[in-house]
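Below is one structure, written out as structure tokens; the observations come after it.
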Amino acid sequence: MTQPLPKESIAAFDAVEQTLEELIAHQEQKVLAFARRLRPGLTNDDIKNPHDYDELVDPDFNYEDGQLAGLQFALSAIRRKKKDLEAAEPPR
Numbered sequence: 301m302t303q304p305l306p307k308e309s310i311a312a313f314d315a316v317e318q319t320l321e322e323l324i325a326h327q328e329q330k331v332l333a334f335a336r337r338l339r340p341g342l343t344n345d346d347i348k349n350p351h352d353y354d355e356l357v358d359p360d361f362n363y364e365d366g367q368l369a370g371l372q373f374a375l376s377a378i379r380r381k382k383k384d385l386e387a388a389e390p391p392r
């Protein structure tokens, strides 16, 4: 059974979320810059579908894009865990 999230822990979750959001923003810029070296003029929306651009079939681009995906997954997992803990019933 999941225990409820103590009020003092909410700040810790918020700090982790903020840190991940900052890392994601940095990695998004890094991925976009890398993609634009391979094919100038690409936008953020363009690189959400890298398979549409032959130039982005590049192991280094795939690595950076994979790093971004991992950070996004981590943020999603942290948010889900926080939500689950907040919704847990207090012990009786």
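Adding 300 to a residue's 1-based position in the sequence shown gives its number in the numbering used here.
Even for Gly, the Cβ is constructed at its ideal location relative to N, Cα and C.
- L342: not part of any alpha helix (DSSP H); DSSP gives it neither H nor E.
- Exclusion of the five residues before and after D346 leaves A335, D352, Y353 as the residues of its chain whose Cβ lies within less than 8 Å of its Cβ.
- Distance from the CA of R380 to the CA of A387, rounded to the nearest whole angstrom, comes to 11 Å.
- Residue state for A388 is assigned as coil, using DSSP reduced to three classes.
- A residue is called buried when at least 16 other Cβ atoms come within 10 angstroms of its Cβ; V331 meets this threshold and is buried.
- Taking D365 as reference, the option from Q327, A315, F373 with the minimal CA-CA separation is Q327.
- No Cβ-Cβ contact shorter than 8 Å links L368 with L320.
- Annotation: P306 to P359 spans about 43 Å, alpha carbon to alpha carbon.
- A direct Cα-to-Cα measurement between L338 and L385 gives close to 43 Å.
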